[in-house]
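Visitor: In our numbering, the protein residues as written are 633 to 1030. Ideal placement from N, C-alpha and C gives every residue a C-beta, glycine not left out. Computed from a predicted model, the values in this text were never measured in an experiment. Would you mind keeping the following structure in view while I ask a few things?
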Ligand code: SF4
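Printed below as a string of structure tokens:
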């Protein structure tokens, strides 16, 4: 097989890329199409969604093309991060990304995959995961990821984007009850995907969500398309400066399907990926960036790895953002913030802080720790408890 890598010259770049890979070969009139863009989360209208969610221009062009090919029905479907305390859900993501406006203009139904119904599958370690039936029952699934490095999975392209097809509970299980990278590889064997159109208009550093860093989103100006998700992931990860051999979920998937990770073995039609590859970080330093922005010193957060749910990560980000903003220029004088199942406070830390149910349960023996309960912890509680403990010197009743 082959992939197409085309320089963006307007929305017709999508049709040129799809023609180049003979994308419509098996497409019959009357086909029911499901489009799964990357709409990871909703957000404030004050923050740009560029490089975080799939561009409406790319998604809109795919809609136009499948209709031209005689699709029987077209639906846009996603299961975004759900955080009720922040009023974030799939509907918020449709709105923030501009996909809701596109859907209204083009009269396309939107489906929230988090609402099910689901079919249950078993991973090789017997973890049960639920996949939305809407995806399993569509005749033709088109995956539209956004090119990003990812603070837990190194990169996120086609394979990782399909995590949005899982129930919210199953997304959580991927972090907490099984190995995230292996789970991504294995659920991709259950989820159909006939075509991948990677929105590589941008290359985003340390995704999947905004970090607030000025240059987080870089211009790339490309569309990458292919029928085979592994090939797109190999090329996409290379563009992000992360060879596929160093991206565990891609390695596992290649092993499962006996595919190749070798870029040289992929026929790339159009642009040469070597001319566009950038070097991006993937490990998150969001707390350091936030502290620098608000001149707060004296806190640190050890890397939490994969065993922390996305919901926890988002809520901690929101709670700590409000905390840093409220206490600009403050020296906290030594607090170590621990979250997830794998992090233990160091012996020399003056104030250990345990964020969320998992960190509290895993560190029961740690004395004098500030504890922020919740699963995930509420952002307002994070701010409130840290303010009491780290600013006012009052240990909240726990
Ligand atoms: S506390 Fe956080 S990491 Fe643990 S299960 Fe709840 S949301 Fe996930």
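Between residue 728 and residue 713, what straight-line distance do the alpha-carbon atoms span, to the nearest angstrom?
Guide: 13 Å
Visitor: On a Cα-Cα basis, can you pick out the residue from 882, 966, 1024 and 930 that is closest to residue 788?
Guide: 882
Visitor: By DSSP, does residue 993 sit in helix, in strand, or in coil?
Guide: helix
Visitor: I want to know whether the stretch 753-770 touches the stretch 681-691 - three or more CB-CB distances under 8 Å.
Guide: no
Visitor: Which class does residue 998 belong to by DSSP, given the choice of helix, strand or coil?
Guide: coil
Visitor: Identify whether residue 731 lies in helix, strand or coil by the three-state DSSP scheme.
Guide: helix
Visitor: Hey, quick one: how far does the beta strand (DSSP E) through residue 780 stretch, first residue to last?
Guide: 778-782
Visitor: With a 10 Å radius around its C-beta and 16 neighbouring C-beta atoms as the bar for buried, classify residue 842 as buried or exposed.
Guide: buried
Visitor: Pick out whichever of 791, 878, 921 and 821 has its Cα sitting closest to the Cα of residue 754.
Guide: 821
Visitor: Spatial neighbours of residue 1018 within its chain, please: CB distance less than 6 Å, with the 5 preceding and 5 following residues excluded, ordered by chain position.
Guide: In the same chain as residue 1018, and ignoring 5 residues on each side of it, the C-beta atoms closer than 6 Å to its own belong to 955, in chain order.
Visitor: Is any non-hydrogen atom of the ligand SF4 found closer than 7 Å to the C-beta of residue 808, if you look at the structure I gave you?
Guide: If you check the C-beta of residue 808 against the ligand SF4, you find a heavy atom less than 7 Å away.
Visitor: For residue 911, which of helix, strand or coil comes out of DSSP?
Guide: Residue state, collapsed to three classes: coil.
Visitor: Whose CA, out of 925, 981 and 1025, lies closest to the CA of residue 934?
Guide: 981
Visitor: Hey, which unbroken runs of the beta strand (DSSP E) at 3 residues or more fall wholly within the stretch 653-726?
Guide: 664-669 and 705-710
Visitor: Taking DSSP's pairing of strands, which residues face residue 986 in a bridge?
Guide: 970 and 1003
Visitor: Looking at residue 823: is its Cβ nearer than 8 Å to the Cβ of residue 856?
Guide: If you check the CB distance, residue 823 and residue 856 do not come in under 8 Å.
Visitor: Please return the same chain residues whose Cβ sits closer than 8 Å to the Cβ of residue 717, not counting the five positions on each side in sequence.
Guide: 947, 1010, 1011 and 1012
Visitor: Sort 866, 655, 746 and 803 by Cα distance to residue 790 and report the nearest one.
Guide: 866
Visitor: Can you tell me which of 913, 929 and 986 puts its alpha carbon nearest to the alpha carbon of residue 940?
Guide: 986
Visitor: Does the ligand SF4 have even one heavy atom less than 7 Å from the beta-carbon of residue 1011?
Guide: no
Visitor: Beta-carbon within less than 7 Å of residue 966's beta-carbon, same chain only, minus the 5 sequence neighbours each way: which residues are those?
Guide: Setting aside the 5 residues that flank it on each side, residue 966 is surrounded in the same chain by 930, 981, 982 and 983, each with a C-beta closer than 7 Å to its C-beta; the list follows chain order.
Visitor: Determine the direct distance from the alpha carbon of residue 897 to that of residue 919, and round the result to whole angstroms.
Guide: 40 Å
Visitor: Just the Cα atoms here: how many angstroms apart are residue 829 and residue 1025?
Guide: Near 53 Å, if we compare the C-alpha coordinates of residue 1025 and residue 829.
Visitor: Label residue 633 either buried or exposed according to how many other C-beta atoms from any shown protein chain fall within 10 Å of its C-beta, with 16 as the threshold for buried.
Guide: Looking at its Cβ environment, which holds fewer than 16 other Cβ atoms inside 10 Å, residue 633 is exposed.
Visitor: Is the beta carbon of residue 746 closer than 8 Å to that of residue 799?
Guide: yes
Visitor: Can you list, in chain order, the residues of its chain with a C-beta nearer than 8 Å to that of residue 810? Leave out the 5 residues immediately preceding and following it.
Guide: Result list for residue 810: 755, 757 and 759, in chain order.
Visitor: Verify the contact flag: residue 943, CB atom, against every heavy atom of the ligand SF4, threshold strictly below 7 Å.
Guide: yes
Visitor: Return the CA-CA distance between residue 1022 and residue 875, expressed in angstroms with no decimal places.
Guide: About 42 Å.
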